[in-house]
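There are 2 protein chains.
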Amino acid sequence: MTPPESSGPRRPLRADAARNRELLLAAAAAEFAERGVDASIADIARRAKVGKGTVFNHFPSKDHLLTAIAVARLDQLTESAESLLAGSDPGTALLDFLTLGAEQQQQLDLSAMFAGGTADIQDPAGVDQARERMVRAVDALVTRAREQGAVRPDITGADVVLLMCAPAYAAGPLRQAYPELWRRYLMVVFDGLRPEGAHPLPHPPPPLGHL
Amino acid sequence: MTPPESSGPRRPLRADAARNRELLLAAAAAEFAERGVDASIADIARRAKVGKGTVFNHFPSKDHLLTAIAVARLDQLTESAESLLAGSDPGTALLDFLTLGAEQQQQLDLSAMFAGGTADIQDPAGVDQARERMVRAVDALVTRAREQGAVRPDITGADVVLLMCAPAYAAGPLRQAYPELWRRYLMVVFDGLRPEGAHPLPHPPPPLGHL
DNA sequence: CGAGAACTCGACCGCGCGGTCAACTTACTG
DNA sequence: CAGTAAGTTGACCGCGCGGTCGAGTTCTCG
Numbered sequence: 001m002t003p004p005e006s007s008g009p010r011r012p013l014r015a016d017a018a019r020n021r022e023l024l025l026a027a028a029a030a031e032f033a034e035r036g037v038d039a040s041i042a043d044i045a046r047r048a049k050v051g052k053g054t055v056f057n058h059f060p061s062k063d064h065l066l067t068a069i070a071v072a073r074l075d076q077l078t079e080s081a082e083s084l085l086a087g088s089d090p091g092t093a094l095l096d097f098l099t100l101g102a103e104q105q106q107q108l109d110l111s112a113m114f115a116g117g118t119a120d121i122q123d124p125a126g127v128d129q130a131r132e133r134m135v136r137a138v139d140a141l142v143t144r145a146r147e148q149g150a151v152r153p154d155i156t157g158a159d160v161v162l163l164m165c166a167p168a169y170a171a172g173p174l175r176q177a178y179p180e181l182w183r184r185y186l187m188v189v190f191d192g193l194r195p196e197g198a199h200p201l202p203h204p205p206p207p208l209g210h211l
Numbered sequence: 001m002t003p004p005e006s007s008g009p010r011r012p013l014r015a016d017a018a019r020n021r022e023l024l025l026a027a028a029a030a031e032f033a034e035r036g037v038d039a040s041i042a043d044i045a046r047r048a049k050v051g052k053g054t055v056f057n058h059f060p061s062k063d064h065l066l067t068a069i070a071v072a073r074l075d076q077l078t079e080s081a082e083s084l085l086a087g088s089d090p091g092t093a094l095l096d097f098l099t100l101g102a103e104q105q106q107q108l109d110l111s112a113m114f115a116g117g118t119a120d121i122q123d124p125a126g127v128d129q130a131r132e133r134m135v136r137a138v139d140a141l142v143t144r145a146r147e148q149g150a151v152r153p154d155i156t157g158a159d160v161v162l163l164m165c166a167p168a169y170a171a172g173p174l175r176q177a178y179p180e181l182w183r184r185y186l187m188v189v190f191d192g193l194r195p196e197g198a199h200p201l202p203h204p205p206p207p208l209g210h211l
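Protein chains in written order, with UniProt numbering: chain A, 1 to 211; chain B, 1 to 211.
Right, here's the structure in full:
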């Protein structure tokens, strides 16, 4: 429907507006982390010490706000993956990436935006591009680890992207009591990627593009 | 707050009321499965071909309705675990149980009720009891498998209960496109439970009671 | 069959949400 | 320093939700 308004050689923001935008993104990230995606716009505005209307000046809808945060996170993970790719040991590089991914997932569930379930998102273009970059980077990480024998051969980058969200979910119910519990289950998942004695997987991986 | 009203030697329901109750539970299960826990009472009532008020006659609040469904599922899983415990191979018994658990999680996310995050639930007593029964049964399953060397020694029943929810989450975003994808990730998780070459786990398991 | 208890029903209530807008304030520019 | 475009604001709107209730209906049992 709405053309992604992608090509916006936007005029520069006014100084105060730029500041408010940052305040809003920070407040939204914090509020979403605490209350989940159902955090209210009013609360976010209050936290940013800004009028409710200002939120909608910067982000035409709540989805746009969420999308902005998601894109930032995806880009950050992409950067991490790329820099880890430059590092030495493929196995630990992959584990380090999984840790970073799970850690972010711990803060806010964006897994829906990591996949095709984005039918409801307003500006899919931004998310899709960011996601594609990330999946590419992760797949490079996985391929290298696989060639070196650090992970089983039947695992793809798409699998890793999906699996890195799982520990946060598994530990989610006990998050309050044991905030670091996810590390335990991340290690279990990582061990599930070992090549030694792996059982054949009963379903093909999702195609990289369709992630 | 509310005393669990547990000891209710309830008078028998009228015939039509009993029928409606079943219709409601079925409709609610279906609606929750399709729309998630945010499915509306009105939709459930419509699906059950029943007035909205009737829903509240049978279940004083939406939480009570969810709780009723959760208890039924927990009991069902408990039963499965116990009958699998009577079976032969400990390893496959555990895998079978994980499959059942993940399958149910696929239908409706009740993981919050599998753990202590039940502060918001109205009748914790019912859920807590059902959960305790299940955890006990699962722990027996795990202990047997561990003794036989089918799973790593540092894994407990509580871990298994939490981990069986993970595959549904990992595959969740692509549920529409690949409804069976969770099986792939369930196998990865299961492989993560193998004893051979497991890395030490970086966090203690949650105590059985606190699950 | 008739009385009354048990149950059903949907209009109704209050609330909090995402989103709008016209009046106001503020930062930039010449 | 003025003029104006850019940005801010909070009262306001419509909506859909969970939950209530009294009038109406239906089962049950003597």
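A virtual CB, placed ideally from N, CA and C, is assigned to each residue, including glycine.
When the alpha-carbon of N20 (chain A) is set against those of A:V37, A:A72, A:R46, A:E132, the nearest one is in A:R46. Looking at the backbone, the Cα of L23 (chain B) and that of Q106 (chain B) are separated by about 22 Å. For F114 (chain A), the nearest beta carbon of chain B is closer than 8 Å to its own beta carbon. Closest by C-alpha distance to A68 (chain B), out of B:A42, B:D128, B:A170, is B:D128. Annotated three-state conformation of V151 (chain B) is coil, per DSSP. If you draw a straight line from the Cα of Y169 (chain A) to the Cα of L25 (chain A), it is about 24 Å long.
Here the segment 188-195 of chain A does not lie against the segment 128-137 of chain A, with fewer than 3 beta-carbon pairs under 8 Å apart. Cβ contact annotation for A140 (chain A) (same chain, cutoff 7 Å, sequence separation greater than five): L85, in chain order.
Within its own chain, the residues whose Cβ lies closer than 7 Å to the Cβ of L110 (chain A), once the five positions on either side in sequence are excluded, are A70, R73, listed in chain order. Close to E196 (chain B), with beta-carbon spacing below 7 Å, are these residues of chain A in chain order: E196, G197. Contact annotation: in the segment 169-190 of chain A, residues whose CB is within less than 9 Å of a CB in chain B are Y169, A170, A171, G172, P173, L174, R175, Q176, A177, Y178, E180, L181, W182, R183, R184, Y185, L186, M187, V188, V189, F190. Note that the C-beta distance between P206 (chain A) and L174 (chain B) is below 8 Å. The beta-carbon distance between L94 (chain A) and A145 (chain A), rounded to whole angstroms, is 5 Å. This is short enough to meet the 8 Å contact definition. Following the DSSP letters along the chain, one finds G53 (chain A) inside the alpha helix (DSSP H) bounded by residues 52-58. Of A:A125, A:V55, A:A112, A:R152, the smallest CA-CA separation from G91 (chain A) is found for A:R152. H199 (chain B) and V189 (chain A) have their C-alpha atoms some 11 Å from each other. Residue ranges of uninterrupted alpha helix (DSSP H) with 4 or more members, entirely inside the UniProt domain "HTH tetR-type" (18-77) of chain B and ordered along the chain, are 41-47, 52-58.
Around the C-beta of V135 (chain A), 16 or more other C-beta atoms lie within 10 Å, and the residue is accordingly described as buried.
Scanning A:R184, A:L163, A:Q148 for the CA closest to the CA of I155 (chain B) turns up A:R184.
The Cβ atoms of P167 (chain B) and A102 (chain B) lie closer than 8 Å to each other. Rounded to whole angstroms, the Cβ separation of S80 (chain A) and F59 (chain A) is 26 Å, and the two are not in contact under 8 Å.
The beta-carbon of H58 (chain B) is placed no less than 8 Å from the nearest beta-carbon of chain A. A straight-line Cα-Cα distance of about 42 Å links A17 (chain B) and E34 (chain A). In this structure, the alpha-carbon of Q176 (chain B) lies about 22 Å from that of G126 (chain A). Distance between S61 (chain A) and H210 (chain A), taken at the CA atoms: about 26 Å. Assigned with DSSP and collapsed to three states, D109 (chain A) falls in coil, not helix or strand. The beta carbon of A28 (chain A) lies closer than 7 Å to those of I44, L65, I69 in the same chain, with the five residues before and after it left out.
Proximity of P90 (chain A) to chain B, defined by a Cβ-Cβ separation below 8 Å, is not satisfied.
Within 9 Å of the CB of S111 (chain B), the CB atoms of chain A belong to Y169, A170, G172, P173, in sequence order along the chain.
Here R14 (chain B) carries a coil assignment [DSSP, helix/strand/coil]. Counting the other CB atoms within 10 Å of its CB gives Q104 (chain B) a total of 16 or more, which places it among the buried residues.
Counting only runs that start and end inside the segment 135-191 of chain A, the alpha helix (DSSP H) elements of at least 4 residues fall at 157-163, 166-171, 181-191.
About 5 Å separates the beta carbon of A137 (chain A) from that of E82 (chain A), a gap short enough to meet the 8 Å contact definition. Taken through DSSP and simplified to helix, strand or coil, G101 (chain B) comes out as helix.
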